[in-house]
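A quick write-up on the structure given underneath.
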Amino acid sequence: MTECTQSGFGFEACGSREIVARFRAAWPAVKIILRGDSGFCRNQVMSWCESHRVDFVFGLARNQRLRKIIGAEMHAATEPWNRTGKPARVFREFDYQAKKTKKGGWDRERRVAAKAEHLDGKENPRFVVTSLRSEEWAAQALYEELYCGRGDMENRIKEQFSLFADRVSTETMRANQMRLYLSTMAYVLVSGLRRLGLKATELAEAQVSTIRTKLLKIGAQIRVTVRKVWVSMASSYPWQDLYQQVWTNLRC
């Protein structure tokens with residue numbers, strides 16, 4: 570799975586051509602799915618994917634024509650919301666071709682999965698276009714699991730900023746790249762700590778910034794002897810029990 574997150578900068582900006590080429594060179598038979606927001610929903614991008622054995626799922630901007638197609642589903646989602654006041658959603662898929670205009674259009678019909686949702690007293694329809702067949706991904710799973718998963722991937726990227734991934738202010742590109750390497754390594758280590766050491770604890774789903782502050786950023790006294798290095802933490806440290814649990818989890 571390769572992510573396109575630079576909406577508005579185009580296919581070349583996200584470097585997907587180069588990434589796909591490198592993947593193909595290393596793993597010729599690997600299945601590649603390109604996932605991005607509506608900024609990448611362009612005929613040029615989708616046609617390139619289709620001709621290079623690359624699957625895709627892109628957000629599709631709403632319009633009146635799409636809203637009319639899912640009119641019955643929107644009505645079906647509105648009725649339960651009127652009765653219960655709770656969000657309701659209905660899914661549908663259909664073939665769709667964007668009309669050709671001065672700004673573009675599609676050269677063929679493509680599969681679109683739609684979410685007809687009513688929440689907070691208003692409609693919230695969403696659409697994605699994909700090359701994946703319904704036998705592989707039903708409409709609801711395609712949207713909720715595959716497409717919406719890109720939001721979580723973006724959160725992981727943003728999470729790395731708390732480990733100083735944005736500190737790229739040196740004079741040379743190489744020095745900035747080294748800083749980013751170190752930040753990435755730190756994130757991988759803290760992510761592993763969260764997955765293994767913090768399993769079944771109150772910080773099992775905490776962000777890395779929280780883990781760093783509560784578990785790692787601790788004042789301590791360091792004493793070095795001939796045989797050992799002693800680390801003495803304050804007896805008032807409020808997360809002692811959690812620290813001990815992490816230590817136990819990692820030793821197992």
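Everything in the sequence shown is counted per my numbering, starting at 570 for the first residue and increasing by one.
Just so you know, even glycine gets a beta-carbon here, dropped at the ideal spot from N, CA and C.
Note that this is a predicted model, so its numbers are computed, not measured.
What span of residues does the alpha helix (DSSP H) with residue i cover, start to end?
{"i": "H621", "result": "Premise fails: H621 is in no alpha helix (DSSP H) and is neither H nor E."}
{"i": "I780", "result": "V777 to I780"}
{"i": "R586", "result": "S585 to A595"}
Could you have a look at residue i and say whether DSSP puts it in helix, strand or coil?
{"i": "E705", "result": "coil"}
{"i": "T574", "result": "At T574, the pLDDT of 48 sits below 50, so the modelled position is not reliable; the number obtained from the coordinates is stated separately. Coil, per DSSP."}
{"i": "L727", "result": "For the record, residue 727 in the displayed sequence is Lys; it is not Leu. Reduced to three states, the DSSP call for K727 is helix."}
{"i": "G579", "result": "Confidence at G579 is low in this model, with a pLDDT of 48, below 50, so its placement is unreliable and the value that follows should be read with caution. Three-state DSSP puts G579 in a helix."}
{"i": "S805", "result": "coil"}
{"i": "G605", "result": "strand"}
{"i": "L819", "result": "helix"}
{"i": "V737", "result": "coil"}
{"i": "V599", "result": "coil"}
Between residue i and residue j, how many whole angstroms is the CB-CB distance? I'm expecting something under 8 Å.
{"i": "S616", "j": "D676", "result": "7 Å"}
{"i": "T753", "j": "Q729", "result": "7 Å"}
{"i": "L851", "j": "D624", "result": "This structure cannot speak to residue 851, because the chain is shown only from 570 to 821."}
{"i": "L767", "j": "V815", "result": "6 Å"}
{"i": "L688", "j": "P656", "result": "4 Å"}
{"i": "L762", "j": "I780", "result": "7 Å"}
{"i": "L811", "j": "T770", "result": "6 Å"}
{"i": "I602", "j": "F592", "result": "Between F592 and I602 the Cβ distance is about 11 Å, and since that is not below 8 Å, they are no contact."}
{"i": "G673", "j": "R611", "result": "7 Å"}
{"i": "S778", "j": "S703", "result": "S778 to S703, Cβ: 40 Å. No contact."}
{"i": "R748", "j": "R736", "result": "6 Å"}
Assuming residue i is part of the beta strand (DSSP E), what are its boundary residues?
{"i": "R748", "result": "Note, R748: premise wrong, no beta strand (DSSP E); alpha helix (DSSP H) at M742 to G761."}
{"i": "I791", "result": "A789 to V793"}
With a threshold of 8 Å, are at least 3 pairs of Cβ atoms found where one atom belongs to the region 639–646 and the other to the region 705–724? no
Length at least 3, wholly inside the region 620–705: the beta strand (DSSP E) runs in chain order: 624–629, 657–665, 679–688 and 695–699
Contact the region 687–699 vs the region 626–634: 3+ CB pairs below 8 Å: yes
Using 8 Å as the cut-off, can you tell me whether the region 679–687 makes contact with the region 653–663, which would need three or more C-beta pairs spanning the two stretches below that distance? yes
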